[in-house]
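Since the structure comes first, as structure tokens, the remarks are kept for the end.
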Amino acid sequence: MTVLYAMDMLGTAVFAVSGALMAARKRYDIFGFIVVAMAPAIGGGTVRDLALGALPVFWVKDANYLLVTVAVASATFFLARFLERYMTALLVADAFGLALFAVVGAEKALVLGVEPLIAVAMGTITGCGGGILRDVLCREEPLILRRDIYATAALLGAGLFVGLEHVTHDRTMALAAGFLGALLLRLIAIRRNLSLPVYTDRKSP
Amino acid sequence: MTVLYAMDMLGTAVFAVSGALMAARKRYDIFGFIVVAMAPAIGGGTVRDLALGALPVFWVKDANYLLVTVAVASATFFLARFLERYMTALLVADAFGLALFAVVGAEKALVLGVEPLIAVAMGTITGCGGGILRDVLCREEPLILRRDIYATAALLGAGLFVGLEHVTHDRTMALAAGFLGALLLRLIAIRRNLSLPVYTDRKSP
Amino acid sequence: MTVLYAMDMLGTAVFAVSGALMAARKRYDIFGFIVVAMAPAIGGGTVRDLALGALPVFWVKDANYLLVTVAVASATFFLARFLERYMTALLVADAFGLALFAVVGAEKALVLGVEPLIAVAMGTITGCGGGILRDVLCREEPLILRRDIYATAALLGAGLFVGLEHVTHDRTMALAAGFLGALLLRLIAIRRNLSLPVYTDRKSP
Numbered sequence: 183m184t185v186l187y188a189m190d191m192l193g194t195a196v197f198a199v200s201g202a203l204m205a206a207r208k209r210y211d212i213f214g215f216i217v218v219a220m221a222p223a224i225g226g227g228t229v230r231d232l233a234l235g236a237l238p239v240f241w242v243k244d245a246n247y248l249l250v251t252v253a254v255a256s257a258t259f260f261l262a263r264f265l266e267r268y269m270t271a272l273l274v275a276d277a278f279g280l281a282l283f284a285v286v287g288a289e290k291a292l293v294l295g296v297e298p299l300i301a302v303a304m305g306t307i308t309g310c311g312g313g314i315l316r317d318v319l320c321r322e323e324p325l326i327l328r329r330d331i332y333a334t335a336a337l338l339g340a341g342l343f344v345g346l347e348h349v350t351h352d353r354t355m356a357l358a359a360g361f362l363g364a365l366l367l368r369l370i371a372i373r374r375n376l377s378l379p380v381y382t383d384r385k386s387p
Numbered sequence: 183m184t185v186l187y188a189m190d191m192l193g194t195a196v197f198a199v200s201g202a203l204m205a206a207r208k209r210y211d212i213f214g215f216i217v218v219a220m221a222p223a224i225g226g227g228t229v230r231d232l233a234l235g236a237l238p239v240f241w242v243k244d245a246n247y248l249l250v251t252v253a254v255a256s257a258t259f260f261l262a263r264f265l266e267r268y269m270t271a272l273l274v275a276d277a278f279g280l281a282l283f284a285v286v287g288a289e290k291a292l293v294l295g296v297e298p299l300i301a302v303a304m305g306t307i308t309g310c311g312g313g314i315l316r317d318v319l320c321r322e323e324p325l326i327l328r329r330d331i332y333a334t335a336a337l338l339g340a341g342l343f344v345g346l347e348h349v350t351h352d353r354t355m356a357l358a359a360g361f362l363g364a365l366l367l368r369l370i371a372i373r374r375n376l377s378l379p380v381y382t383d384r385k386s387p
Numbered sequence: 183m184t185v186l187y188a189m190d191m192l193g194t195a196v197f198a199v200s201g202a203l204m205a206a207r208k209r210y211d212i213f214g215f216i217v218v219a220m221a222p223a224i225g226g227g228t229v230r231d232l233a234l235g236a237l238p239v240f241w242v243k244d245a246n247y248l249l250v251t252v253a254v255a256s257a258t259f260f261l262a263r264f265l266e267r268y269m270t271a272l273l274v275a276d277a278f279g280l281a282l283f284a285v286v287g288a289e290k291a292l293v294l295g296v297e298p299l300i301a302v303a304m305g306t307i308t309g310c311g312g313g314i315l316r317d318v319l320c321r322e323e324p325l326i327l328r329r330d331i332y333a334t335a336a337l338l339g340a341g342l343f344v345g346l347e348h349v350t351h352d353r354t355m356a357l358a359a360g361f362l363g364a365l366l367l368r369l370i371a372i373r374r375n376l377s378l379p380v381y382t383d384r385k386s387p
């Protein structure tokens, strides 16, 4: 449990950096950094907890999530200019957060007794929902809607976890498999620049 | 009850098409279709359930809503190019969904024991809220804020239902009257191109 | 308590005006005025109640909040052109609403038994969250993310209240001190045109 908790905090920190870096691009003040960092770091899990009725939401129950987010966003305000050279490392860290949040979100839903399909949806929402909030807040087109194998990775991870848990009843193994599946797919997609086909109509070339 | 349930699914499907067609215009991938379809199909009812504290939200309790939304959005991804010629049919179907969601939303609020005014607000939110979410997600100006007799129709339907139910205590009749009132007003507005006056200041011509 | 309730209604009305004036700038219809007014007037408190699990949300429990918002938004639709000359008065009124919502939001969280840090966050969210919703809805860049000493004032007010309440256990005095602290900082910031530094990278001049 402590390993999972430490990983959860790490995922929160990584996603907070992704939000803070977008705030840097928008030239916000330190409050803007904190607000935009909160969207990916705690937004997906908040939507999950609200939909499931698991209230108060997780970051009200355990203030560490908010503390980590505020600390990381504040640090990024002063250090963002040095982070630009580590963009690849950040992409890998983001993949780590995505994979982790997808399985942790699905697991939390299962514990609350929802149907497997809903648990998969909750995992996907936990992994991706915060990024959509971040983009809406910053008036950017949510990239996830258009190009990347990002939601796909979250869906795969959540689906693997829920499916394996259903068949084997071995929660730890299912968590690991779902996490690794999502992480691998996302890393391969980054490495090979893979993306899903987008909709085109007849008039397009 | 089964008639109401079938109509509810139909309304969900129709609203999912409206979201998916906007995703088509934005050239999103299939995940984009699903996410944008979820906004109008289940977004208004989600806001209603959250505000009322009726948790978990309806689509967590009954996975059919999510299944219908995902199926319709996926089908639209492949078929959107053939739907363009049926735009009028879709407008009528959308009016049907709006009228239905408005009375169903108000009814759900009444069952939970809120004041009549709040029930009317909840019906209006259930009918229109999802469309606002869809437009915000796609970075479009929410048209409902500016031009159409759309929220007006939802308000009329929810108001008729709540008012008649209060006076006659005949829920079925009140549901039918509210539904037909909203549907008629919306269809007349589409047909005659009616709209509400917008705000203008002195300097405008 | 009745004084606090009257101030709460006044804060709601003032924030509703701020939303309705943005709707005027966007030339929305009367429904647009109401929807955009709801965002700042009841949006921040809604996010607070959802996160805390204090459901149904406050405006479902007490319809007066919604009535005041709808009445103010409708009145502004007809009177907005006359309000332009009172912009300074409106800024002061908005500062009043901000300070009040920040301490009231923190107080509500404390009553529900959350940690002091979370109570401060809830006060800040109650004060500022609605304005962010309003800007997202109207596709404006949330100004609060970039320039003003606005969230800072809410944070100061909520922090003062929670800190003093913790030390002195005198809730009334702590409420007054937090309210006055936030109001003063915001008024000074308006008067002197103070703002926080924004992020700049090396390439900037």
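Chains as they are written, first to last, in our numbering: chain V, 183 to 387; chain B, 183 to 387; chain R, 183 to 387.
All residues carry an ideal CB built from backbone N, CA and C; glycine is no exception.
Residues that B:R373 contacts on chain V, provided the C-beta gap is smaller than 7 Å: Start at 1 with the first residue of the second sequence, and residue 373 of chain B comes out as number 191. Chain V residues near B:R373: none, gap ~28 Å exceeds 7 Å.
Sub-9 Å separation of B:S377 and B:D330 beta-carbons: Numbered from 1 along the second sequence, position 195 holds the residue referred to as residue 377 of chain B. Numbered from 1 along the second sequence, position 148 holds the residue referred to as residue 330 of chain B. Between B:S377 and B:D330, the CB-CB gap stays under 9 Å.
Identified DSSP bridge partners for B:S377: On the second sequence, residue 377 of chain B is found 195 positions in, with the first residue counted as 1. In DSSP, B:S377 forms a bridge with B:D330.
Rounded separation between B:R140 and R:L367 - CA only: In the structure displayed, chain B extends from 183 to 387; residue 140 of chain B sits before or after that span and is not available.
Residue closest to V:A205, alpha-carbon to alpha-carbon, out of V:D317, V:G345, V:L282, V:L357: Position 23 of the first sequence, counting from 1, holds the residue named residue 205 of chain V. Comparing Cα-Cα distances from V:A205 to each of V:D317, V:G345, V:L282, V:L357, the minimum goes to V:D317.
Top-ranked residue by Cα proximity to B:F215, from B:V254, B:E297, B:L272: For this step, residue 215 of chain B is matched to residue 33 along the second sequence. Closest by alpha carbon: B:V254.
Interface partners of B:G206 on chain V, CB under 7 Å: Sequence index remark: in the second sequence, residue 206 of chain B carries index 24 (1-based). Checking the displayed sequence, the identity of residue 206 of chain B turns out to be Ala instead of Gly. In chain order: Y381.
Exposed unless 16 or more other CB atoms sit within 10 angstroms - verdict on V:T382: The residue you call residue 382 of chain V lines up with position 200 of the first sequence. The residue is exposed, with fewer than 16 neighbouring Cβ atoms inside 10 Å.
Where B:R321 meets chain R, residues with beta-carbon distance less than 8 Å: Counting from 1 along the second sequence, the entry for residue 321 of chain B is found at position 139. Under the 8 Å cutoff, chain R gives R321.
Sheet register partners of B:D211 (DSSP bridge): By 1-based counting over the second sequence, the position of residue 211 of chain B is 29. B:D211 is bridged to V:V380.
R:P298: first and last residue of the uninterrupted alpha helix (DSSP H) it sits in: By 1-based counting over the third sequence, the position of residue 298 of chain R is 116. Residue range 298-319 is occupied by the alpha helix (DSSP H) that includes R:P298.
Own chain, CB closer than 6 Å to V:L186, minus 5 neighbours either side, in chain order: The residue given as residue 186 of chain V occupies position 4 in the first sequence. Beyond the five residues adjoining it in sequence on each side, V:L186 comes within less than 6 Å, by CB distance, of no other residue in the same chain.
Interface partners of V:L376 on chain B, CB under 9 Å: On the first sequence, residue 376 of chain V is found 194 positions in, with the first residue counted as 1. When 9 Å is used as the limit between beta carbons, V:L376 is near no residue of chain B, the shortest such separation being about 12 Å.
Candidates B:L338, B:V196, B:P298, B:H348, of which the one nearest B:T270 by Cα: For the purposes of this step, residue 270 of chain B is taken as the residue at position 88 of the second sequence. With respect to the C-alpha of B:T270, the residue from B:L338, B:V196, B:P298, B:H348 having the closest C-alpha is B:V196.
Under the three-state DSSP convention, the category R:S386 falls into: As a working mapping, residue 386 of chain R is identified with position 204 in the third sequence. Reliability of the predicted coordinates at R:S386 is poor, the pLDDT of 47 falling under 50, and the value obtained from them is presented with this limitation in mind. In the structure shown, R:S386 sits in coil (DSSP, three-state: anything other than H, G, I, E or B).
At least three beta-carbon pairs within less than 8 Å, the segment 336-354 of chain B to the segment 297-309 of chain B: yes
9 Å Cβ cutoff, V:T334 in contact with chain B: Here the question's residue 334 of chain V lines up with position 152 in the first sequence. V:T334 counts as touching chain B.
7 Å Cβ cut-off: residues of chain V touching R:G235: Against the third sequence, residue 235 of chain R aligns to sequence position 53. Within 7 Å Cβ-Cβ: L237, P238.
Cβ contact check for the segment 307-317 of chain B and the segment 219-230 of chain B: 3 or more pairs under 8 Å: yes
Beta carbon of R:E323 nearer than 9 Å to that of V:K208: For the purposes of this step, residue 323 of chain R is identified with residue 141 of the third sequence, where counting begins at 1. For the purposes of this step, residue 208 of chain V is identified with residue 26 of the first sequence, where counting begins at 1. Contact: yes.
Nonlocal neighbours in the same chain, by C-beta distance under 6 Å from B:I372, ignoring five residues either side: Here residue 372 of chain B refers to the residue found at position 190 of the second sequence. Cβ neighbours of B:I372 beyond the five flanking positions: L273.
Proximity of V:G295 and V:G193 at Cβ, strictly below 9 Å: Along the first sequence, one-based indexing puts residue 295 of chain V at 113. Along the first sequence, one-based indexing puts residue 193 of chain V at 11. No, the Cβ-Cβ distance between V:G295 and V:G193 is not below 9 Å.
Under the three-state DSSP convention, the category B:A188 falls into: For the purposes of this step, residue 188 of chain B is taken as residue 6 along the second sequence, with counting starting at 1. Three-state result, B:A188: helix.
Assigned secondary structure, V:D231 (DSSP; H/G/I helix, E/B strand, else coil): Within the first sequence, the letter at position 49 stands for residue 231 of chain V. In this structure, V:D231 counts as helix in the three-state DSSP scheme.
Straight-line gap, V:T354 to B:N246 (C-alpha atoms, nearest Å): Taking the first sequence and counting its residues from 1, one reaches residue 354 of chain V at position 172. Taking the second sequence and counting its residues from 1, one reaches residue 246 of chain B at position 64. Cα to Cα, the separation comes out at about 29 Å.
Nearest candidate by alpha-carbon position, reference B:A333, set B:E289, B:V285, B:H348: Looking up residue 333 of chain B in the second sequence gives position 151. Considering only alpha carbons, the answer is B:V285.
Cutoff 7 Å; reference R:G363; Cβ partners in own chain excluding five residues on either side: As a first step, residue 363 of chain R must be located in the third sequence, where it is residue number 181. Hits under 7 Å: L338, G339, L342.
V:R230 classed as buried or exposed, judged by whether at least 16 other C-beta atoms fall within 10 angstroms: Mapped onto the first sequence, residue 230 of chain V falls at position 48. Counting other Cβ atoms within 10 Å of its Cβ, V:R230 reaches 16 or more and is therefore classed as buried.
Close beta carbons around R:F240, own chain, < 7 Å, minus the five adjacent residues each side: The residue given as residue 240 of chain R occupies position 58 in the third sequence. Answer for R:F240: G227, D231, Y247, listed in chain order.
Residues within the segment 271-295 of chain V neighbouring chain B, beta-carbon criterion of under 7 Å: none
Inter-residue CB distance, B:V218 and B:L319 (contact presumed, cutoff 8 Å): The residue you call residue 218 of chain B lines up with position 36 of the second sequence. The residue you call residue 319 of chain B lines up with position 137 of the second sequence. Yes, they are in contact, since the Cβ atoms of B:V218 and B:L319 sit about 6 Å apart, within 8 Å.
Extent of the continuous alpha helix (DSSP H) to which R:G295 belongs: Within the third sequence, numbered from 1, the residue matching residue 295 of chain R stands at position 113. First-last for R:G295: undefined, no H or E at that position.
Buried versus exposed call for R:L327 [16 or more other C-beta atoms within 10 Å across all chains shown]: Position 145 of the third sequence, counted from the start, is the residue given in the question as residue 327 of chain R. Answer is buried; the Cβ neighbour count reaches 16.
Chain-ordered neighbours of R:G214 on chain B, where CB pairs are closer than 7 Å: As a first step, residue 214 of chain R is located in the third sequence; it is residue number 32 there, counting from the start. Going along chain B in sequence order, the residues near R:G214 (Cβ under 7 Å) are L327, R328.
Contact under 9 Å by Cβ, V:L265 with V:T258: Sequence index remark: in the first sequence, residue 265 of chain V carries index 83 (1-based). Sequence index remark: in the first sequence, residue 258 of chain V carries index 76 (1-based). For V:L265 and V:T258, yes; Cβs fall inside 9 Å.
Per-residue burial, B:L325 [other beta carbons within 10 Å of its own, 16 or more giving buried]: To locate residue 325 of chain B, count along the second sequence from 1; it is residue 143. The residue in question, B:L325, is exposed, as its Cβ has fewer than 16 Cβ neighbours within 10 Å.
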